[in-house]
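Numbering (this note's numbering), first residue to last: 252 to 826.
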């Protein structure tokens with residue numbers, strides 16, 4: 252190696268006829284080219300080397316003399332196993348290592364002042380290694396990644412001018428970088444089958460075996476890790492071994508719920524892109540019995556159909572569908588109402604159904620028989636839908652009602668109610684009073700009868716005729732209401748006080764004689780006394796004296812008239 256000093260960057264160059272030598276333009280290191288046999292006959296090489304400034308192009312020249320000595324012949328000892336290992340363990344070398352990488356230090360540690368020379372006698376078949384005079388075994392070529400050996404066993408000669416020759420051997424292991432470009436990713440999906448209802452943990456298949464077969468058992472397969480693509484929901488039913496690619500079941504596999512599962516396995520590392528599609532198909536087992544289709548056993552039928560009437564057809568369900576079957580259908584208890592075709596299972600209605608007579612539901616026991624005598628039994632159910640074919644009916648033909656003569660207008664007298672035998676919602680029912688009345692009226696929607704005006708004192712009873720009709724079917728019904736009117740004059744007077752009105756003589760004026768009414772703001776009391784000896788006060792009919800009586804000079808008994816009025820009705824009640 253040559254050196255030149257300069258403030259600017261220096262470039263190196265050899266003379267044109269360089270005898271097969273070459274120089275590193277930046278560092279000035281001089282090396283031989285490989286395969287130049289003509290220099291074997293030369294003893295010395297002289298050549299000029301130039302160093303020049305990159306910017307100014309100023310240069311300097313030096314003469315290099317290289318002496319070529321005869322190659323020494325060294326023989327490897329016959330007993331190779333007796334050659335000791337070189338000092339220190341070699342490091343693992345990646346096939347991506349660069350030239351100059353130190354692999355091992357094989358320096359002999361002694362007090363010999365003479366320098367040692369190191370020569371690689373064997374094992375370096377590709378010229379990849381060298382040993383410096385300082386005992387450093389290092390890589391000299393970038394071609395290591397082009398070789399295929401897993402290790403190199405080198406024999407090294409160690410010599411010096413002051414000692415005899417010695418040998419050592421070393422093994423250099425090469426860490427090979429996987430060549431993923433040689434890896435073959437399966438093009439199509441991998442298909443496996445497994446029987447339904449297999450135990451959880453059943454092995455479905457192993458991806459590694461497939462990869463080994465299509466990659467000729469390449470050792471690359473051992474460097475692969477596998478994982479499920481989580482975007483596939485079917486992956487939840489299985490477990491995956493990331494090293495071997497073994498797939499096992501993780502949940503129940505039922506053919507009737509799902510016939511196949513689609514999975515995707517992603518391979519790592521990321522140096523190559525490979526995604527493997529897996530299709531797992533379930534093998535169906537005959538593990539489900541043949542049963543009636545419940546939807547073919549329940550029907551809604553409207554009453555009053557035209558006969559004969561086709562209702563539907565009885566069906567069976569075979570979930571597995573592995574074997575053929577031949578069933579015939581029968582009623583356990585034959586009836587004239589319906590008939591069932593034994594071959595097709597067709598159901599025919601032969602008699603009219605009336606919900607008001609048969610009820611809202613009919614049930615029949617049915618039997619399905621096959622030639623293997625595997626009988627099936629179930630219930631055939633009809634729900635009868637009612638038609639609005641019955642008119643409204645009052646709950647009674649007549650009603651008797653007692654009311655007070657003193658009732659006020661808008662007081663509820665009675666409520667009539669009509670219903671229909673049809674259970675479905677009737678049409679709009681309307682109530683009307685047939686005989687017009689000045690005293691009563693009816694709510695057409697609710698049937699509530701109220702008092703329209705105050706009743707006359709001369710009316711003792713009243714008869715109302717109520718009609719109800721349903722507009723949709725134009726059917727009507729009638730009922731009579733007999734109203735007895737009760738004279739309730741006693742409600743204004745306390746009759747028990749009629750004979751209890753006494754007054755002691757010499758009582759001062761405005762003394763209370765008696766109370767013949769009831770305390771009510773609805774009543775008005777008036778007293779008629781031509782002599783003006785008495786007066787009525789308050790809202791409860793209290794009688795007071797307006798004169799001081801003397802038993803010896805005045806009458807012992809007086810008669811007065813009390814008039815009671817309803818504050819709103821204003822009908823006079825005399826007492």
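From the three backbone atoms N, C-alpha and C, an ideal C-beta is built for every residue, glycine too. Note that this is a predicted model, so its numbers are computed, not measured.
Distance from the CA atom of residue 771 to the CA atom of residue 816, rounded to whole angstroms, is 11 Å. About 12 Å separates the beta carbons of residue 472 and residue 437, which is beyond the 8 Å limit, so they are not a contact pair. Judged by their CB atoms, residue 371 and residue 400 are not nearer to each other than the 8 Å cut-off.
Out of 468, 418, 448 and 451, the CA that lies nearest to the CA of residue 433 is found in 468. Between residue 367 and residue 411, the beta carbon gap of about 5 Å places them in contact (Cβ cut-off 8 Å). Taking residue 562 as reference, the option from 258, 595, 800 and 298 with the minimal CA-CA separation is 595. Contact annotation: the region 328–347 does not touch the region 376–384, with fewer than three C-beta pairs closer than 8 Å.
Unbroken beta strand (DSSP E) runs of no fewer than 3 residues, entirely contained in the region 701–741, are found at 712–721 and 726–737, following chain order. Only buried fits residue 406, as 16 or more other CB atoms lie within 10 angstroms of its CB. Judged by DSSP secondary structure, residue 441 falls within the beta strand (DSSP E) whose first and last residues are 441–446. At a Cβ-Cβ threshold of 8 Å, residue 539 and residue 516 do not count as neighbours.
Residue 474 carries a helical assignment under DSSP once its states are collapsed to helix, strand and coil. Contiguous alpha helix (DSSP H) elements confined to the region 494–569 do not occur, taking only those with 4 or more residues. Between residue 519 and residue 530, the alpha-carbon positions lie close to 21 Å from each other.
When only Cα atoms are considered, residue 604 and residue 728 end up about 26 Å apart. Relative to residue 732, the option among 803, 651 and 797 whose CA is nearest is 651. Beyond the five residues adjoining it in sequence on each side, residue 354 comes within less than 8 Å, by CB distance, of 341, 342, 344, 380, 388, 389, 390 and 423 in the same chain, given in chain order.
When C-beta atoms of the region 503–513 are compared with those of the region 549–564, fewer than three pairs fall below 8 Å, so the two segments do not count as touching. Excluding five sequence positions before and after residue 281, the CB atoms of its chain that fall closer than 6 Å to its own CB belong to 272 and 274, given in chain order. Residue state for residue 349 is assigned as coil, using DSSP reduced to three classes.
Annotation: the continuous beta strand (DSSP E) that includes residue 405 extends over 402–411. From the listed residues 616, 612 and 707, the smallest Cα separation to residue 635 is found for 612.
Bounds of any alpha helix (DSSP H) do not take in residue 468, whose DSSP letter is neither H nor E.
Under the DSSP assignment, residue 612 falls in the beta strand (DSSP E) whose first and last residues are 612–621. Here residue 587 is not near residue 444, since their CB atoms are 8 Å or more apart. About 23 Å separates the CB atoms of residue 427 and residue 336; that is not less than 8 Å, and the two are not in contact. In the assembly as shown, residue 722 is an exposed residue. Its beta-carbon has fewer than 16 other beta-carbons within 10 Å. CA-CA distance, residue 258 to residue 300, rounds to 19 Å. If you check the CB distance, residue 474 and residue 429 come in under 8 Å. When the Cα atoms are used, residue 701 and residue 654 turn out to be separated by approximately 11 Å. In this structure, the CA atom of residue 511 is about 35 Å from the CA atom of residue 580. Here residue 560 has 600 as same chain residues with Cβ atoms under 6 Å from its own Cβ, once five neighbours each way along the sequence are excluded. Contact check for residue 784 and residue 809: beta-carbon distance about 6 Å, within the 8 Å limit, so the pair qualifies.
Boundaries cannot be given for residue 758, as no beta strand (DSSP E) includes it and DSSP labels it neither H nor E. For residue 316, the enclosing beta strand (DSSP E) starts and ends at 310–318. Residue 299 carries a strand assignment under DSSP once its states are collapsed to helix, strand and coil.
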